[in-house]
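Q: Here it is: the structure, laid out below.
Laid out in structure tokens, this is it:
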């Protein structure tokens, strides 16, 4: 099965989305139902209902509709839950907010290799990696095993790791958002230990955090299926934070 | 290997899950650990200590977000929950004892050996170990996302 092209998704789905639909799509794109063991059963979101809504929205595109009809189960597994949808939505939202100042690497976006999303400006490259999860179980080990091996690559000098937590029904989003704010713990993993100046940094605190270290950051945020209470746990809010607190503050050597 | 072991049967998968959980006792944990142990039961060759494309219960596994995963095993597990034989949660709770189930002795023996060898490992440890047995590291799993295990193993064998 083919994966829908980004430009088709952007023109035929994203550009037609209402804010509520965008919030719903991103929420379900972050949920992998194979990982629900950390969530008590009464809190499980209704995946069948959620996925039905997602498919209905994506069928706005006739080309994507054809792909869905061809093999709905595989489409759900590969495109919706297989990171493409989350990456495409984040890329669309950032493109809109960056207003052409950075160029999206579309070829990278349509591949499965990390990083998930790349933006370029002249010689500078910014890489973003999304980790959608329902709990922080084994998260430190996962970052060490799954993210750290890539940090030697020059594309990761300007790197933003996004730890995104969809909130289950009956949970309090504000409370969850407070609990998941562990960016400082995870930034330690992607910063110092990978710097060639690591030993020096240990000995001389004033050298702690090189310029490259500062350009490696972690953002945490929780997400709700809808934004009816105006809590702002949405893609729009996340992309705004990324542009304001990362792209606009980026000091490139 | 006994021919009976090779045949596909959801009923047998469900009995195997119950038997496996009963054997794990206090080391049950959650669905992730169950899934990884069902994978080892399917593809781990006890004599060589390596994975083999030949399956035991004919449950297809593929690479997903958290490593090896089988929709068939998950579906069988879901039915056991619906039937009230297992209670969801962490750890899972056995409602019906599976130790005395009518299950092929060869499968029981395989389960016993798998539990003896891997039963004390956590779900996350098993996630990493099973990926490494397949010949790649956790950060490389994205390259294999959605690919079925038998194909990966055949390719690994051909290239090895």
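Protein chains in written order, with my numbering: chain A, 222 to 474; chain B, 17 to 176.
Using N, Cα and C, we set each Cβ at its ideal position, and we do this for glycine too.
Is residue 308 (chain A) close to chain B, meaning its C-beta is less than 8 Å from at least one C-beta of that chain?
A: Cβ-Cβ to chain B under 8 Å: no for residue 308 (chain A).
Q: Is residue 335 (chain A) near residue 309 (chain A), with beta carbons less than 8 Å apart?
A: No, these two residues do not count as a Cβ contact at 8 Å.
Q: Just to confirm my understanding: we take residue 80 (chain B), look at its own chain, exclude 5 residues before and 5 after, and list those with CB closer than 8 Å. What are they?
A: Same-chain partners within the cutoff: 161, 162.
Q: Assign residue 39 (chain B) to buried or exposed, taking buried as 16 or more other Cβ atoms, counted over all protein chains shown, within 10 Å of its Cβ.
A: With 16 or more Cβ atoms within 10 Å of its Cβ, residue 39 (chain B) is classed as buried.
Q: What residue does the beta strand (DSSP E) around residue 242 (chain A) start on, and which one ends it?
A: Where residue 242 (chain A) is concerned, there is no enclosing beta strand (DSSP E), although the alpha helix (DSSP H) it sits in stretches over 240-250.
Q: Can you give me the Cβ contacts of residue 313 (chain A) inside the same chain, cut-off strictly under 7 Å, excluding the 5 residues immediately before and after it?
A: Taken in chain order, the residues that qualify are 231, 235.
Q: When burial is assigned at 16 or more other CB atoms within 10 Å of the CB, is residue 374 (chain A) buried or exposed?
A: Exposed.
Q: In chain order, what residues of the same chain lie with their CB nearer than 7 Å to the CB of residue 279 (chain A), ignoring the 5 residues before and after it?
A: 234, 285, 289, listed in sequence order.
Q: Which first and last residues belong to the alpha helix (DSSP H) in which residue 139 (chain B) is found?
A: Here the alpha helix (DSSP H) through residue 139 (chain B) covers 139-149.
Q: On a CA-only basis, which of B:172, B:46, B:58 is nearest residue 122 (chain B)? Give me that one, please.
A: It is B:58.
Q: Cα-Cα, which of B:119, B:93, B:118, B:124 is closest to residue 110 (chain B)?
A: The candidate whose alpha carbon is nearest that of residue 110 (chain B) is B:93.
Q: Would DSSP call residue 126 (chain B) helix, strand or coil?
A: Looking at residue 126 (chain B) - three-state DSSP - the assignment turns out to be helix.
Q: Quick one: using the 10 Å Cβ neighbour count with 16 as the cut-off for buried, is residue 49 (chain B) buried or exposed?
A: Burial call: buried.
Q: At the level of alpha carbons, what is the spacing between residue 268 (chain A) and residue 139 (chain B)?
A: Answer to the nearest angstrom: the Cα atoms are 23 Å apart.
Q: Does the beta-carbon of residue 320 (chain A) have 16 or more other beta-carbons within 10 angstroms, so that it is buried, or is it exposed?
A: Burial call: exposed.
Q: Along the chain, where does the alpha helix (DSSP H) containing residue 399 (chain A) start, and where does it finish?
A: First-last of the alpha helix (DSSP H) with residue 399 (chain A): 394-400.
Q: Enumerate in chain order the residues of its own chain whose CB-to-CB distance from residue 69 (chain B) is below 6 Å, with the five nearest sequence positions on each side excluded.
A: Within the same chain, residue 69 (chain B) has close Cβ partners 166, 169, 170.
Q: What separation, rounded to the nearest whole angstrom, lies between the Cα atoms of residue 133 (chain B) and residue 51 (chain B)?
A: Cα to Cα, residue 133 (chain B) sits roughly 16 Å from residue 51 (chain B).
Q: Looking only at its own chain, which residues have a Cβ that is under 7 Å from the Cβ of residue 441 (chain A), when we skip the five neighbours before and after it?
A: Only 384, 401, 402, 403, 404 meet the Cβ criterion.
Q: At the 8 Å Cβ level, is residue 370 (chain A) part of the contact set with chain B, yes or no?
A: Yes, because at least one Cβ of chain B sits closer than 8 Å to the Cβ of residue 370 (chain A).
Q: Going along chain A, which residues have a C-beta under 7 Å from residue 159 (chain B)?
A: Per Cβ cutoff of 7 Å: 333, 334.
Q: Quick one: Cα of residue 19 (chain B) to Cα of residue 273 (chain A), how far?
A: Interpretation of residue 19 (chain B) is limited by its pLDDT of 44, a score under 50 that renders its predicted location unreliable; no figure is taken from the coordinates.
Q: Alpha carbon to alpha carbon, how far is residue 367 (chain A) from residue 455 (chain A)? Give it in angstroms, no decimals.
A: Going by the C-alpha atoms only, they are around 26 Å apart.
Q: Give every residue of the same chain whose Cβ lies closer than 6 Å to the Cβ of residue 97 (chain B), excluding the five residues on either side of it in the sequence, and list them in chain order.
A: These residues qualify, in order along the chain: 104.
Q: Could you tell me the alpha carbon to alpha carbon distance between residue 460 (chain A) and residue 307 (chain A), rounded to whole angstroms?
A: Whole-angstrom Cα-Cα distance: 12 Å.
Q: Taking the C-alpha atoms as reference points, what is the distance between residue 120 (chain B) and residue 42 (chain B)?
A: Rounded to the nearest angstrom, the two C-alpha atoms are 24 Å apart.
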